[in-house]
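J.:
Number of protein chains: 2
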Amino acid sequence: MISTRGRYALRVMIDLAEHQNGSYIPMKDVADRQDISLKYLERIVPVLTQEGFIEGLHGKGGGYRLVKAPEDCRVGDILRLTEGDLAPVACLAKGAQPCGRAAECRTLAMWQKFNTLINDYFDGITIADLMKSSPAADNYII
Amino acid sequence: MISTRGRYALRVMIDLAEHQNGSYIPMKDVADRQDISLKYLERIVPVLTQEGFIEGLHGKGGGYRLVKAPEDCRVGDILRLTEGDLAPVACLAKGAQPCGRAAECRTLAMWQKFNTLINDYFDGITIADLMKSSPAADNYII
DNA sequence: TTTTTATCCTACCAACCTGGTAGGTAAGTA
DNA sequence: TACTTACCTACCAGGTTGGTAGGATAAAAA
Numbered sequence: 188m189i190s191t192r193g194r195y196a197l198r199v200m201i202d203l204a205e206h207q208n209g210s211y212i213p214m215k216d217v218a219d220r221q222d223i224s225l226k227y228l229e230r231i232v233p234v235l236t237q238e239g240f241i242e243g244l245h246g247k248g249g250g251y252r253l254v255k256a257p258e259d260c261r262v263g264d265i266l267r268l269t270e271g272d273l274a275p276v277a278c279l280a281k282g283a284q285p286c287g288r289a290a291e292c293r294t295l296a297m298w299q300k301f302n303t304l305i306n307d308y309f310d311g312i313t314i315a316d317l318m319k320s321s322p323a324a325d326n327y328i329i
Numbered sequence: 188m189i190s191t192r193g194r195y196a197l198r199v200m201i202d203l204a205e206h207q208n209g210s211y212i213p214m215k216d217v218a219d220r221q222d223i224s225l226k227y228l229e230r231i232v233p234v235l236t237q238e239g240f241i242e243g244l245h246g247k248g249g250g251y252r253l254v255k256a257p258e259d260c261r262v263g264d265i266l267r268l269t270e271g272d273l274a275p276v277a278c279l280a281k282g283a284q285p286c287g288r289a290a291e292c293r294t295l296a297m298w299q300k301f302n303t304l305i306n307d308y309f310d311g312i313t314i315a316d317l318m319k320s321s322p323a324a325d326n327y328i329i
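See below:
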């Protein structure tokens, strides 16, 4: 289950992309528009800075700005960053110790295929795609 | 992330299927073979009985037995049962209250497509498929 | 009928995760 | 100097996870 950290990070990225005008956008504005606590966003957003998705500027006229173009921001990268991992089972997670039953495990292949399915799905979507996404219309297709 | 409940339930089903001989198999045997605490399994397994995947018999000579053929046991059904839900985000979970931002949400369509992707994937796999699964061989394909 | 075997049921628990809040500090602009 | 904004750290309540413990109940064997 994707937690609020990943979901909020995506909404911040979309919001910054939609209001992109070259200057810096205060996180307070994003928080107001997205109806998310500024304090909570302030704890989520720094990792996006560290990995070079956005850059922050202190003081008046400061805020955040996209570093890459929305077309180059893959949802998969943002989710892996904020969620730590997209692994569907513990044994495939990043810091997992090797499972002793792996050689005889009848479910391992299923989990591994699922793992690549997940990562491929989100790697195939960019922030630019989400900007164009209209939920009401898409609902009929699904 | 799929918890131990769902993963252990699958291993129990596979174990029962592999040792199927018409009579009842004590959960103690399954617990020993799978190296899972009997007490913990006893708390997980009843839901499989309630939904008609397996049937239990008390007393000596008792244990559990598959009701359906392994070909008719879909992994998706077992996981939805034991995990409660396979929804990737809170707003798509079973008891979720409708989200007020749904009409303007730019990520909803992505989550919905991901949700059907997950369910379709696991609905396309049966216990019979898992019985045939050889992890070592499949690793090279993935 | 007693004993054994097994399912089934409920309560409890420690550790961790989630979704925050609170209170500051650092840095840049007016 | 005053203000604004990013940035950092500690704390916290509530829920989930992954169990354990101790039985009650049912059925077959002795």
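Chains as they are written, first to last, in our numbering: chain A, 188 to 329; chain B, 188 to 329.
Built from N, CA and C at the ideal position, the CB exists for glycine as well.
#1: Would you check if there are 3 or more beta carbon pairs closer than 8 angstroms linking the region 312-321 of chain B to the region 189-205 of chain B?
#2: List, in order along the chain, the chain A residues whose C-beta lies closer than 9 angstroms to that of T294(B)?
#3: Step through the CB atoms of chain B and report whether any lies within less than 9 angstroms of the CB of V232(A).
#4: Taking the alpha helix (DSSP H) that L253(B) belongs to, which residues open and close that run?
#5: Am I right that N302(A) and L268(A) are in contact with their C-beta atoms under 8 angstroms? What's the rounded C-beta distance?
#6: I'd like to know whether the C-beta of I265(A) is nearer than 9 angstroms to at least one C-beta of chain B.
#7: What's the C-alpha gap between I212(B) and P233(B)?
#8: Identify, in the order they occur along the chain, each residue of the same chain with its Cβ nearer than 6 angstroms to the Cβ of C286(A), setting aside the five sequence neighbours on each side.
#9: Under a Cβ-count criterion, where at least 16 other Cβ atoms within 10 Å of its own Cβ denotes burial, should A289(B) be classed as buried or exposed?
#10: Can you check whether the C-beta of R252(A) is within less than 9 angstroms of a C-beta belonging to chain B?
#11: What do you get for I329(B), buried or exposed, if any count of 16 or more other CB atoms within 10 angstroms of its CB means buried?
#12: Using the Cβ count rule (16 or more neighbours within 10 Å means buried), how would you classify G311(B)?
#13: Tell me the rounded alpha-carbon separation between Y308(B) and M188(B).
#14: At 7 angstroms on the CB atoms, spell out the chain A contacts of I241(B), in chain order.
#15: Please tell me whether I265(B) and L253(B) are closer than 9 angstroms, where the distance is taken between their beta carbons.
#16: Taking Cβ-Cβ distances shorter than 8 angstroms, what residues in chain A pair up with P275(B)?
#17: Quick check: what's the CA-CA separation for D222(A) versus A256(B)?
#18: Using the beta-carbon of each residue, which ones in chain B are nearer than 8 angstroms to I223(A)?
#19: Determine which residues share a DSSP beta bridge with T313(A) and list them.
#20: How should Q237(B) be labelled, buried or exposed, when 16 other C-beta atoms within 10 angstroms of its C-beta is the threshold for buried?
#21: Given a threshold of 16 other Cβ atoms within 10 Å of its Cβ, counted over all protein chains shown, does A296(B) qualify as buried or as exposed?
#22: Please state whether DSSP places L225(A) in a helix, a strand or coil.
#23: Nearest CA to the CA of A218(A): which residue from G250(A), E258(A), T313(A), L304(A)?
#24: On the DSSP bridge list, what partners appear for I189(A)?
#25: Can you name, in chain order, every residue of its own chain whose Cβ lies under 6 angstroms from the Cβ of T313(B), other than the five neighbours on each side?
#26: Under 9 angstroms Cβ-Cβ, which residues of chain B neighbour L228(A)?
#27: Can you pull the chain B residues whose beta carbon is under 8 angstroms from the beta carbon of L304(A), in chain order?
#28: Cβ of T294(A) within 9 angstroms of Cβ of R230(B)?
#29: Cβ of K281(A) less than 9 angstroms from any chain B Cβ?
T.: Answer, in terms of the structure:
#1: yes
#2: R194, L197, R198, I201, V262, L317, S320, P322
#3: no
#4: Note, L253(B): premise wrong, no alpha helix (DSSP H); beta strand (DSSP E) at 250-253.
#5: That belief does not hold up - the Cβ atoms of N302(A) and L268(A) are roughly 17 angstroms apart, past 8 angstroms.
#6: no
#7: 15 angstroms
#8: Cβ neighbours of C286(A) beyond the five flanking positions: C278.
#9: The residue in question, A289(B), is exposed, as its Cβ has fewer than 16 Cβ neighbours within 10 Å.
#10: no
#11: For I329(B), the predicted structure reports a pLDDT of 37, less than 50, and the residue's modelled location is therefore unreliable. A value from the coordinates is still provided. I329(B) comes out exposed.
#12: When all chains shown are included, G311(B) counts as exposed.
#13: The alpha-carbon atoms of Y308(B) and M188(B) are separated by roughly 15 angstroms.
#14: In chain A, no part has a C-beta under 7 angstroms from the C-beta of I241(B); the shortest such distance is about 17 angstroms.
#15: no
#16: M188, I189
#17: D222(A) and A256(B) have their alpha carbons spaced roughly 50 angstroms apart.
#18: Neighbours of I223(A) on chain B: none; closest Cβ ~11 angstroms, over 8 angstroms.
#19: R261(A)
#20: By the 16-neighbour rule on beta-carbons within 10 angstroms, Q237(B) is exposed.
#21: Using a 10 angstroms sphere on the CB of A296(B), the tally of other CB atoms reaches 16 or more, which defines it as buried.
#22: helix
#23: G250(A)
#24: Looking at the DSSP assignment, I189(A) forms no beta bridge with any residue, so it has no partner.
#25: E258, C260, R261
#26: Within chain B, no residue comes near L228(A); the closest Cβ sits about 16 angstroms away, beyond 9 angstroms.
#27: L304, Y308
#28: Going by beta carbons, T294(A) and R230(B) fall outside the 9 angstroms limit.
#29: No, its Cβ sits nowhere closer than 9 angstroms to a Cβ of chain B.
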